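The working numbering applies: residue 7 is where the sequence shown begins, and numbers increase by one. Written out below as structure tokens is the structure these notes cover.
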Amino acid sequence: MAPGVPVCNYGEAPPSISFSGSGFMATYQLGVAQCFLTYTPWILRTAPCVLGASAGSLVAAAVVCEMSLITIKDEMLHFAKQMKTFTLGPFNPSINVFHWLEHILCKYLPPDAHQLANGRLAVAMTRLIDGKHIVMSEFQSKDDVVQALLCSCFVPGYCGMLPPTFKGEHYVDGGFSGMQPVMPVPCSQTLTVSPFSGETDICPADTPCLWDMVVSGATLKGNMANSFRIINALYPMSLETLEQAYHSGYKDAIHFLLRNELAPYLMIHEVSHLINHNCNQYKMWKHLETTTTEEEEKMKVEKEMATMTSFISNGHMQRGNSTEHEWTGKQPTQKPLSFDMVKNGMAGARTHTHTHTHTHTH
Numbered sequence: 007m008a009p010g011v012p013v014c015n016y017g018e019a020p021p022s023i024s025f026s027g028s029g030f031m032a033t034y035q036l037g038v039a040q041c042f043l044t045y046t047p048w049i050l051r052t053a054p055c056v057l058g059a060s061a062g063s064l065v066a067a068a069v070v071c072e073m074s075l076i077t078i079k080d081e082m083l084h085f086a087k088q089m090k091t092f093t094l095g096p097f098n099p100s101i102n103v104f105h106w107l108e109h110i111l112c113k114y115l116p117p118d119a120h121q122l123a124n125g126r127l128a129v130a131m132t133r134l135i136d137g138k139h140i141v142m143s144e145f146q147s148k149d150d151v152v153q154a155l156l157c158s159c160f161v162p163g164y165c166g167m168l169p170p171t172f173k174g175e176h177y178v179d180g181g182f183s184g185m186q187p188v189m190p191v192p193c194s195q196t197l198t199v200s201p202f203s204g205e206t207d208i209c210p211a212d213t214p215c216l217w218d219m220v221v222s223g224a225t226l227k228g229n230m231a232n233s234f235r236i237i238n239a240l241y242p243m244s245l246e247t248l249e250q251a252y253h254s255g256y257k258d259a260i261h262f263l264l265r266n267e268l269a270p271y272l273m274i275h276e277v278s279h280l281i282n283h284n285c286n287q288y289k290m291w292k293h294l295e296t297t298t299t300e301e302e303e304k305m306k307v308e309k310e311m312a313t314m315t316s317f318i319s320n321g322h323m324q325r326g327n328s329t330e331h332e333w334t335g336k337q338p339t340q341k342p343l344s345f346d347m348v349k350n351g352m353a354g355a356r357t358h359t360h361t362h363t364h365t366h367t368h
């Protein structure tokens with residue numbers, strides 16, 4: 007979907023949020039979520055459902071269960087660093103992606119994760135026996151949440167040979183049967199987030215290309231940039247790539263907020279401060295990888311400043327389509343925050359600001 011094409015109106019109802027399969031490039035989605043949490047937390051709080059497939063389900067769980075997004079990002083970077091010390095990386099017998107993931111989930115998911123996730127977190131997985139796309143949203147314990155996420159992220163051979171189980175059935179990676187999960191209700195609205203450029207609401211803005219590729223139902227641009235991202239999703243070539251993906255997700259989320267006029271108080275000086283903060287975060291990882299020259303760093307900052315301060319008009323959202331899959335779970339019956347109240351309050355604040363400015367100039 008081309009940026010700038012309006013698909014739904016925020017005044018109608020709060021949209022659900024979907025995080026696609028992403029591998030280690032989930033750092034991009036963590037950046038998007040962190041931006042929302044910083045500037046427009048009501049987008050995350052009013053979302054009736056937060057969906058995720060594969061590594062995207064980890065981001066969804068972090069949002070719903072209120073985990074530290076930066077901590078999860080740092081854990082991914084640390085594990086990627088460990089993988090690079092072994093020949094063949096994640097395919098080396100000494101590296102166990104599955105056990106690392108299980109450890110991270112047990113460590114950072116809160117004890118009441120199942121209560122926070124029940125009816126709101128939607129974890130996509132692929133049933134092994136028939137390849138059916140299943141979305142789970144009912145959890146009776148923290149272990150249920152852990153097992154569902156392990157099933158959604160399990161890539162045979164990459165994470166091990168024996169698929170994990172959820173409620174007695176074996177499942178594998180949710181991205182195999184549906185890379186970008188959406189609500190099963192045809193008229194529902196879903197904000198889609200992906201680290202791969204294509205027909206997604208928030209994704210990298212690559213230059214137009216001549217052809218597209220369809221991966222598990224998701225349409226991606228068939229270019230070298232996406233090929234590079236797919237490789238890094240499975241086998242990160244450098245920590246700098248994952249760190250930069252996080253900052254790119256943060257910036258792309260800001261562009262989305264500005265296009266849709268969802269952050270009226272996001273000023274230029276705040277964007278400038280963000281860039282400086284991102285540069286400081288990047289320097290923290292300089293000892294992990296070969297660094298660029300000071301001149302290259304300056305060029306990066308200048309390029310980011312030019313990009314971040316460009317206001318793109320119009321916005322778009324993607325309306326969730328009904329796909330051939332099963333939905334297992336209950337629908338949430340209560341919104342944690344009044345969406346219309348927030349929207350109307352923001353509109354009133356903008357009107358008051360414009361009126362005050364007009365009076366002052368006269």
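Beta carbons: idealized from backbone N, C-alpha and C, even for Gly. In this text the structure is predicted, and so the values were computed from the model without any measurement.
Residue i by DSSP, collapsed to three states: which one?
| i | result |
| --- | --- |
| K227 | strand |
| A1 | Because the chain in this structure spans residues 7 to 368, residue 1 falls outside the shown range and cannot be described. |
| E267 | coil |
| E249 | helix |
| T46 | coil |
| G27 | coil |
| A259 | helix |
| I135 | coil |
| L122 | helix |
| S233 | helix |
| L127 | strand |
| S147 | coil |
| S244 | coil |
| S22 | strand |
Comparing alpha-carbon positions, which option in the options lies nearest residue i?
| i | options | result |
| --- | --- | --- |
| V103 | G29, N229, D218 | G29 |
| G95 | M142, N238, S254, G37 | N238 |
| I101 | L111, C112, Y114, K87 | K87 |
| I377 | R265, L264, L248 | What the structure shows of the chain is the stretch from 7 to 368, and residue 377 is not part of that stretch, so it cannot be assessed. |
| V65 | F92, T93, L107, M89 | L107 |
| I49 | T91, P20, G163 | P20 |
| M89 | P54, E267, P242 | P242 |
| G125 | P47, P169, A67 | A67 |
| V161 | A53, T52, L240 | L240 |
Once you ignore the five residues that flank residue i on each side, which residues in its own chain have a CB closer than 7 Å to its CB?
| i | result |
| --- | --- |
| A119 | C71, K148, V151 |
| M185 | S26, G27, A59, V221, S222, G223, A224 |
| C215 | K227, G228, N229 |
| H41 | The residue asked about is misnamed: residue 41 is Cys in this sequence, not His. Y256, A259, I260. |
| Q146 | H120 |
| M189 | S22, C55, T196, G326 |
| M31 | P201, R235, N238, A239, A251 |
| I110 | E81 |
| A53 | P20, P21, S22, I23 |
| C112 | V152 |
Measuring only between beta-carbons, confirm whether residue i sits less than 8 Å from chain C.
| i | result |
| --- | --- |
| L107 | Annotation note: the requested chain C is absent from the structure, which comprises a single protein chain. |
Mind reading off the beta-carbon distance from residue i to residue j? Whole number of angstroms is fine, and I expect it under 8 Å.
| i | j | result |
| --- | --- | --- |
| L57 | A154 | Contact flag wrong, Cβ pair sits at about 12 Å. |
| S24 | G180 | No, S24 and G180 are not in contact; Cβ-Cβ is about 11 Å, not under 8 Å. |
| S233 | A130 | Not really, about 24 Å apart at Cβ, beyond 8 Å. |
| I78 | L36 | 6 Å |
| Y45 | A251 | Contact flag wrong, Cβ pair sits at about 19 Å. |
| C157 | Y177 | 4 Å |
| M142 | F172 | 7 Å |
| T206 | S22 | Not confirmed; about 14 Å, so no contact. |
Can you list, in chain order, the residues of its chain with a C-beta nearer than 6 Å to that of residue i? Leave out the 5 residues immediately preceding and following it.
| i | result |
| --- | --- |
| D80 | none |
| V38 | V199, I208, G255, A259 |
| M73 | Y114 |
| N98 | F92 |
| G166 | F104 |
Under 8 Å Cβ to Cβ from residue i, same chain only, skipping five residues before and after it: list those, please.
| i | result |
| --- | --- |
| P210 | Y34, P201, F202, S203, A231, R235, S254, D258 |
| L122 | V70, C71, E72, P116 |
| E175 | R133, L134, I135 |
| P169 | L134, C157, F160, P162, H176, Y177, V178 |
| G137 | F182, S183 |
| D212 | S203, K227, N229, A231, N232 |
| Y164 | P96, F97, V103, L240 |
At a cut-off of 7 Å, would you count residue i as near the ligand PLP, judging by its Cβ distance to the nearest heavy atom?
| i | result |
| --- | --- |
| D179 | Questions concerning the ligand PLP fall outside what the structure shown contains, since it holds no ligand whatsoever. |
Which full runs of the beta strand (DSSP E) of 3+ residues lie inside the region 51-114, going along the chain?
56-59
Taking only runs of the alpha helix (DSSP H) that begin and end inside the region 150-200, which ones reach a length of at least 4 residues, in chain order?
none
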